[in-house]
Amino acid sequence: MLRIACPYCGERDEVEFTFGGTSHVARPSEEVDDATWAEYLFVRDNPVGAHFERWLHAYGCGRWFNVARDTLTHEILKVYLMGDPKPELSRT
Amino acid sequence: MRMLGQALRGHSGWRPAWRDAQPKSGYDVVVIGGGGHGLATAYYLAKNHGIRNVAVLERGWIGGGNSGRNTQVCRSNYFHAASSSFYDHSLRLYEHLGAELNFNIMLSQRGLIQLAHSEHELEITRRWCNAVRMNNVDCEMLTPAQIQRLAAPIELNGRFPVVGGFMQRRAGISRHDAVVWGYARAASALGVDIVQNCEVTGFDIADGRVRGVRTSRGTIAADKVVMSVAGYSSHLAALAGLRLPITTMALQAMVTEPVKPILDVIVISASVHAYASQSDRGEIVMGAGADAYNSYAQRGGLPQQRATICAVLELFPSFSRLRLMRQWAGRVDITPDTSPLMGLTPIEGLFINCGWGTGGYKAIPAGGDTMAHTIATGVPHPLIAPFALDRFKRGALVDEGAAAGVAH
C-alpha cells in the first residue's frame, strides 16, 4: 500500500488516488512527422528507479499533482505541483 | 516404474532433461530470454527450419520469469481477427504439444466462461461472442441456468448478478513448467545450446546490422538475434538504441489451499475484473488486472489483491472459508493497445518478440512458431504482420484492450 502525501490534503492511502502516467511529456507541434507524433502518443520512458508521474486525488480534493517515485522499491521520493519543473533528486 | 524406483532411492538418480551448455563464440541465431517464447522459438528454428546452431541466453534460470508466474490459461476468444487467428493457431499447437514434445503438458480443455452482469454488458458480450465466431473460433452464449450447471459454486443473484455469458469450450489450462521444460528438452535434443546465468549487456551493431551480443559470459557473434524477454524489454531494447512503446507494471495472482474438485471450468468477469479456476492440485487460482502504476518490484500491491479477492468471493461466496496459500506478481510489459510487439526492428538481423503484457503464456507455441519462420526467412509470418513494431507510426493498432475492456 502506497501512502501518498497529497500537497493539498496531506498523507492518504493509495486507494484514494488515480494514477495518471508519466509527467513532463511535451506535445510537439502539429507539423512533425508520423514517427515523432507516434513517439509523443505512445512511447514513454520506462525507468527502473526514479519515475516522474502524475497522480489525481480522485476521492479527496480532486486535484492533480506530480510524484517522483522509485519503480523498484515504490519509495516516494518527492511530491510537487503540476507546472513545477522536474526536480533534481539527491539520489535516483 | 521409474517413479517407484526413484522413490526408493530418494529421487537422487534423475538426470537433467537438457544440457546446461557453455556459450560458444558464435551461433547462427541467438535467442535472448529462456522463457516459453524463447525456448519455443529455438525449438521451431531447429525442427521446422533446420537451423540448429542456436543459443538461448537466459539471465537467470529457464522459466524463472513470467513463464512460471502466469495462471496457465490458454484461449483464443479474441475480438479482432488478427488476434483470434494468431491465438487460435497457438491453441491448436497446444492441443498437440504433449505428443509433439513427448512431454505431458497436462492440457485440460475444460472451457472458459466469460460472465455478463447487466443487460448492457450482455449485449456487448453477445457482440464479442459473434465476433469470435466470425473469426472461426468456437464460442457460444450461455444462460444463467447453463452457467450454474457448469460452475456449481457460482452465486447468480449476489452483488454481481449473472445475467448470461459466453463460453469457449476449447479453452483450458496446462502446466506451465512442463511447457518450458518440454520445449527445453526438445530443443536441446536438436542441438540448441541453453545457456543459463548469462545476461546480455550490449549489442554489437555495425552499419545498421547486428553482429552479435555482449554478455556476462563473453562476446557471442551472431548475425541474427531475437529479443524474447519480459519485464526488462525496454532496457534490453535500449542497449540496441531502440525505444519501445512499453510500460512495465506488476500483475499478481494468488492461490488458496487445495480442496477437493469443485470448479472444473475457468470463470472470468471483465467488469468486476477477476478470474478463477481450480488447478489439478486442488488450489483455487485467482487473478485480476495489473496494479495501476509503473513497477519493477515483482510484488503486487495490497489494494489490487484485496479487489481481486473481494470480486472472487462475491462470485463464489463458498470460497470465503479457504485460506490464501501463496500470492506473487510478475513484471508485465503493457503496450498501448495491449497487443504484442513481434517481427522485425529497424536494425537488420535484430528481431523482437516482446510486449506480451498480461497474456503471453497462451501465445507460447504460436509465438515460437511464427518467430522462427520470421527469423529463418527474414519476412514476418503472415499471422504476426499486424503486430509489427511500426504499427504505432502507421496508426494500425490492434486494440484488444479497448475491445475487451481489460488488458489481456
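Those protein sequences? They're chains A and B, same order as listed.
Here numbering that gives the first Met the number 0 is used: the first residue of the first sequence is 0, the next is one more, and so on.
Here numbering that gives the first Met the number 0 is used: the first residue of the second sequence is 0, the next is one more, and so on.
By construction, the Cβ of each residue, glycine as well, lies at the ideal position given by its N, Cα and C atoms.
Predicted, not measured: the structure shown is a model, and the values here were computed from it.
Taking a 10 Å sphere around the C-beta of B:Lys259, we find fewer than 16 other C-beta atoms and assign the residue as exposed.
Residue-level contact check: B:Ala387 does not touch chain A, since none of the beta carbons of chain A fall below 9 Å from its beta carbon. The Cβ of B:Ala144 sits no closer than 9 Å to any Cβ of chain A. The shortest C-alpha to C-alpha distance from B:Val311 to any of B:Arg169, B:Asn352, B:Gly49 and B:Gly157 is the one to B:Gly157. The beta carbon of A:Ala37 falls within 9 Å of a beta carbon belonging to chain B, placing the residue at that interface.
Taking the C-beta atoms as reference points, B:Ile267 is found no nearer than 9 Å to B:Leu321. In this structure, DSSP gives B:Ser268 an extended state, which the three-state scheme calls strand. Of the residues B:Arg216, B:Leu114, B:Gly181 and B:Ala177, the one whose Cα lies closest to the Cα of B:Leu155 is B:Leu114. Flagged as an interface residue toward chain B: A:Asp33, by a C-beta distance shorter than 9 Å. Between the alpha carbons of B:Gly34 and B:Met341 lies a distance of about 16 Å. When secondary structure is reduced to three states using DSSP, B:Leu382 falls in the coil class, being assigned neither helix nor strand.
In terms of Cβ geometry, B:Pro364 and B:Ala16 do not form a close pair [threshold 9 Å].
B:Ala395 carries a coil assignment under DSSP once its states are collapsed to helix, strand and coil. Collapsing the DSSP output to three states places A:Ala49 in a strand.
For B:Gln113, the enclosing beta strand (DSSP E) has its first and last residue at Leu111 to Ala115. CA-to-CA, the gap between B:Ile193 and B:Ala183 works out to about 8 Å.
Residue environment: B:Thr373 is assigned as buried (16 or more neighbouring CB atoms within 10 Å of its CB, all protein chains considered). B:Ile153 and B:Gly164 do not touch by the CB rule: their CB atoms are close to 10 Å apart, not below 8 Å.
A straight-line Cα-Cα distance of about 33 Å links B:Glu94 and B:Glu313.
The beta carbon of A:Met0 sits closer than 7 Å to the beta carbons of Asp12 and Glu13 from its chain, once the five residues preceding and following it are set aside; these are given in chain order. The C-beta distance from A:Leu76 to A:Trp63 rounds to 18 Å, too long to meet the 8 Å contact threshold. Straight across, the Cα-Cα distance linking B:Gly207 with B:Gly358 is about 32 Å. Within chain A, no C-beta atom comes nearer than 9 Å to that of B:Lys259; the closest sits roughly 35 Å away. Runs of the beta strand (DSSP E) lying entirely within the stretch 33-91 of chain A, each at least 3 residues long, are 49-55, 63-69 and 75-80 in chain order. B:Leu349 is not a Cβ neighbour of B:Glu198, given a cutoff of 9 Å. By the Cβ criterion, the stretch 76-95 of chain B is not in contact with the stretch 209-218 of chain B, since fewer than three pairs of Cβ atoms, one from each stretch, lie closer than 8 Å.
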